[in-house]
Amino acid sequence: MRKVRIEFTLNGALVSVKTYPNKTLLDLLREDLGLTGPKRGCDVGECGACTVIYNGKAVNSCLILAPEVEGGEIFTVEGLSKNGGLHPLQEAFIEHDAVQCGFCTPGILMTAKYLLDHNPDPTEEEILKALQGNICRCTGYWPIVEAIKSAAKKMRVSNPCKSGNS
Amino acid sequence: MSLPPLDYVAPRTLKETLKALSDERAVPLAGGTDLIVNLRNSEDPPKNLLLVDLKKVSEFHLIEEEDDHLKIGSLVTLAELASSPLISKFAPALALAAESMGSIQIRNRGTVAGNIVNASPCADLAPPLLIHEASLLLVSQSGRREVPLSKFVKGPYRTDLRRGEVVRLFSIKKMHDGGETFYKLGRREAMNKARMNFAAYISLNGAGKIKEARFSAGSLTPSPMRYKDVETFLEGEKPDPRVFKRAAEMVKNKIFEITGVRWSTPYKAPVSENLTLWVLKEATRIAKGRR
Numbered sequence: 001m002r003k004v005r006i007e008f009t010l011n012g013a014l015v016s017v018k019t020y021p022n023k024t025l026l027d028l029l030r031e032d033l034g035l036t037g038p039k040r041g042c043d044v045g046e047c048g049a050c051t052v053i054y055n056g057k058a059v060n061s062c063l064i065l066a067p068e069v070e071g072g073e074i075f076t077v078e079g080l081s082k083n084g085g086l087h088p089l090q091e092a093f094i095e096h097d098a099v100q101c102g103f104c105t106p107g108i109l110m111t112a113k114y115l116l117d118h119n120p121d122p123t124e125e126e127i128l129k130a131l132q133g134n135i136c137r138c139t140g141y142w143p144i145v146e147a148i149k150s151a152a153k154k155m156r157v158s159n160p161c162k163s164g165n166s
Numbered sequence: 001m002s003l004p005p006l007d008y009v010a011p012r013t014l015k016e017t018l019k020a021l022s023d024e025r026a027v028p029l030a031g032g033t034d035l036i037v038n039l040r041n042s043e044d045p046p047k048n049l050l051l052v053d054l055k056k057v058s059e060f061h062l063i064e065e066e067d068d069h070l071k072i073g074s075l076v077t078l079a080e081l082a083s084s085p086l087i088s089k090f091a092p093a094l095a096l097a098a099e100s101m102g103s104i105q106i107r108n109r110g111t112v113a114g115n116i117v118n119a120s121p122c123a124d125l126a127p128p129l130l131i132h133e134a135s136l137l138l139v140s141q142s143g144r145r146e147v148p149l150s151k152f153v154k155g156p157y158r159t160d161l162r163r164g165e166v167v168r169l170f171s172i173k174k175m176h177d178g179g180e181t182f183y184k185l186g187r188r189e190a191m192n193k194a195r196m197n198f199a200a201y202i203s204l205n206g207a208g209k210i211k212e213a214r215f216s217a218g219s220l221t222p223s224p225m226r227y228k229d230v231e232t233f234l235e236g237e238k239p240d241p242r243v244f245k246r247a248a249e250m251v252k253n254k255i256f257e258i259t260g261v262r263w264s265t266p267y268k269a270p271v272s273e274n275l276t277l278w279v280l281k282e283a284t285r286i287a288k289g290r291r
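Top to bottom, those sequences are chains A and B. So the first sequence is numbered by this note's numbering: it starts at 1 and just counts up by one. So the second sequence is numbered by this note's numbering: it starts at 1 and just counts up by one.
See below:
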C-alpha cells in the first residue's frame with residue numbers, strides 16, 4: 001500500500017500531509033497532525049466524540065477516509081479559539097459546568113458550533129435533537145444544553161445581523 | 001482496529017466512475033457510514049481493495065423534477081433528503097424517514113443509494129420509496145437498465161447490483177393529492193435501527209372514500225415490501241376505523257404468513273397491527289386537511 005499526499009484546509013490554514021489511504025480522518029488529525037481534540041470513542045459513528053466540521057457539516061471523522069478530504073475544509077475544536085481567546089461556546093461550557101471528564105467535549109462543541117451556524121436561536125428541543133449523535137456519560141446533558149443556550153444568546157447579542165458561518 | 005490495506009480513487013465523471021468500477025478489486029464508496037464500519041469489523045476483509053469514492057461526481061447529487069416524477073441522485077445525503085423542498089412537497093414520507101435516521105453527523109454523510117444497496121431489512125428509506133414506486137437507474141460500461149426497487153432488493157443484504165454497475169439515480173412518482181406519513185419504531189429516539197417502520201399514502205375522492213391507498217412496511221419481513229392486497233381492499237372503502245382495523249389485521253396476517261411465528265411474534269403482532277392503524281389514520285388526516 002503506497003502513501004498518498006493529501007492537501008486540505010485545517011482550522012483556516014493549508015496543510016499537506018503524506019499518509020496511508022486506509023487511515024481515517026480521525027487518525028490523520030490525531031496521529032499525523034497532532035490534533036488530539038477529536039477523540040476515538042467508538043469508531044462506528046455512534047458516540048460523536050470524533051465530530052469535526054468538514055465542508056461546513058458536522059460529521060464523524062472516524063467514518064471518513066483521509067484521502068476523501070482532499071481539497072476540503074476542516075474545523076476541529078482546536079480551531080474554535082482565536083488569537084488566544086476562547087469562543088463563546090467554550091466560555092459558556094466552563095461557566096455552566098458543562099465539562100467534567102472532557103472526553104465528549106470537543107465533539108459536542110463542534111456539533112454545537114454547527115447547530116448555531118445554521119440556527120442561531122435554537123429551542124431547547126432543537127438543541128437536544130442536534131445532540132442526538134453525541135454521548136456524554138458525566139454531565140447528564142442539562143449543563144451542556146444551558147451552555148449552548150447561553151452561548152447562542154451571547155453570539156446573537158454581539159452579532160445581531162449575522163446569520164451564521166462564523 | 002484499523003481498516004484493511006486499500007487503494008483509493010475519486011473519479012470526477014460518470015465515465016471515469018464506470019471505468020474504475022470495472023476493476024475487479026473495485027468496491028464503491030458512498031457516505032461510508034455502513035461500509036467503513038463493516039470493513040473495520042470484518043473478520044475476512046477483501047484483499048487488495050480498491051475503494052471508488054463516488055462523491056465527487058456532481059450528477060449523483062441532484063434532486064430534480066421531471067414531469068410527474070422526481071429524480072434523486074444516488075449520492076443525495078439523508079440530510080439533503082430531509083431538507084429538500086421538492087421532497088417535502090411531493091414525497092414527505094421520504095423526508096420524514098430520512099430525518100428519523102441516525103444523527104446529524106450520520107445524516108450529513110449517509111446516502112439514499114447507501115441505504116438501499118446495503119439492503120438491511122430495516123432500511124428506513126425503503127418503505128417511503130416503495131409507496132412512491134421507486135425505480136433505480138443502474139449504469140455500467142455495457143449500458144444502462146431501470147429496475148423497480150421492489151425487484152432490486154432480493155433479500156437481506158442482497159441486491160441485484162451487478163459488478164461494474166453503479167446506481168445513477170432513483171426515480172419516484174410525485175404524489176400530492178392525498179396525505180402520507182412515515183413512522184419508525186425504535187428502542188430510542190435517534191441512532192437506532194427500526195424494529196418496524198411504515199409508510200402510508202391515502203387519497204380521497206369527491207365522495208370522501210379512499211381513491212388511492214399505498215402501504216409499505218419494513219423490518220417485519222426479510223425485505224421491506226408493499227402490501228398490495230391491503231391497498232386493493234382499502235380503495236373504494238370509507239376511511240373509517242372499522243375499515244382501517246380490518247386493513248391492519250390483513251397486514252399483520254400477511255407478515256406472519258411470510259415469517260411464521262417467531263419469538264418476537266407476541267410483541268410484533270399487536271404492535272404492527274396498532275401502528276398500521278395509526279399510519280393509515282394519520283395519512284387520512286393529512287389527506288383531509290389538503291382538501
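Where a beta carbon is used, it is the ideal one built from N, C-alpha and C, also for glycine. Computed from a prediction, not measured in an experiment: that's the story for all the values here.
Chain A within 9 Å of residue i, Cβ atoms only
i, result
"D7/B", "yes"
"T33/B", "yes"
"L234/B", "no"
"N118/B", "no"
"D53/B", "yes"
"S42/B", "no"
"E257/B", "no"
Residue i classed as buried or exposed, judged by whether at least 16 other C-beta atoms fall within 10 angstroms
i, result
"S163/A", "Because the pLDDT at S163/A is just 48, under 50, the model does not fix this residue reliably, and the point stays unresolved."
"H132/B", "buried"
"H96/A", "buried"
"D44/B", "exposed"
"S142/B", "exposed"
"M175/B", "buried"
"G31/B", "buried"
"T111/B", "buried"
"L115/A", "buried"
"L61/A", "One detail in the question is off: residue 61/A reads as Ser in this sequence, not Leu. It counts as buried."
"S103/B", "buried"
"Y157/B", "exposed"
"D124/B", "buried"
"A95/B", "buried"
"G41/A", "buried"
"R214/B", "buried"
"N165/A", "In this predicted model, N165/A has a pLDDT of only 46, less than 50, meaning its place in the structure is not dependable enough to derive any value."
C-beta neighbour in chain B for residue i, strict 9 Å
i, result
"Y170/A", "No answer is possible for residue 170/A: the residues shown for chain A start at 1 and end at 166."
"N159/A", "no"
"D97/A", "no"
"D174/A", "Because residue 174/A is not part of the residues shown, which for chain A are 1 to 166, the question remains open."
"C62/A", "yes"
"E7/A", "no"
"L33/A", "no"
"A130/A", "yes"
"M155/A", "no"
"N119/A", "no"
First through last residue of the alpha helix (DSSP H) which encompasses residue i
i, result
"V243/B", "P241 to T259"
"H118/A", "T105 to H118"
"W263/B", "Where W263/B is concerned, there is no enclosing alpha helix (DSSP H), given that its DSSP letter is neither H nor E."
Secondary structure of residue i, DSSP reduced to three states
i, result
"M1/A", "coil"
"G84/A", "coil"
"Y8/B", "strand"
"T181/B", "strand"
"G164/A", "With a pLDDT of only 47 at G164/A, under 50, the local geometry of the prediction cannot be trusted, and no value is derived from it."
"N115/B", "helix"
"E237/B", "coil"
"V52/B", "strand"
"L35/A", "coil"
"R145/B", "strand"
"M155/A", "helix"
"L39/B", "helix"
"G65/A", "The question names Gly, but residue 65/A in the sequence shown is Leu. Of the three classes helix, strand and coil, the one that applies to L65/A here is strand, per DSSP."
Which residues DSSP lists as bridging residue i, in chain order
i, result
"R292/B", "In the structure displayed, chain B extends from 1 to 291; residue 292/B sits before or after that span and is not available."
"G155/B", "R158/B"
"P122/A", "The partner list for P122/A (beta bridge, DSSP) is empty, contrary to what the question assumes."
"L10/A", "A13/A and I74/A"
"E65/B", "L70/B"
"R226/B", "S216/B"
"L136/B", "V147/B and F170/B"
"T24/A", "L65/A"
Range covered by the beta strand (DSSP E) that runs through residue i
i, result
"N134/A", "Unbroken run through N134/A: none, as it is neither H nor E."
"L29/B", "A26 to L29"
"T19/A", "A13 to T19"
"K173/B", "V166 to K173"
"Y54/A", "T51 to Y54"
"G73/B", "H69 to G73"
"V59/A", "K57 to N60"
| message | At a CB distance below 8 Å, what residues from the region 98-118 of chain B approach chain C? Give them in sequence order. | response | Any reference to chain C falls outside this structure, whose protein chains are A and B.
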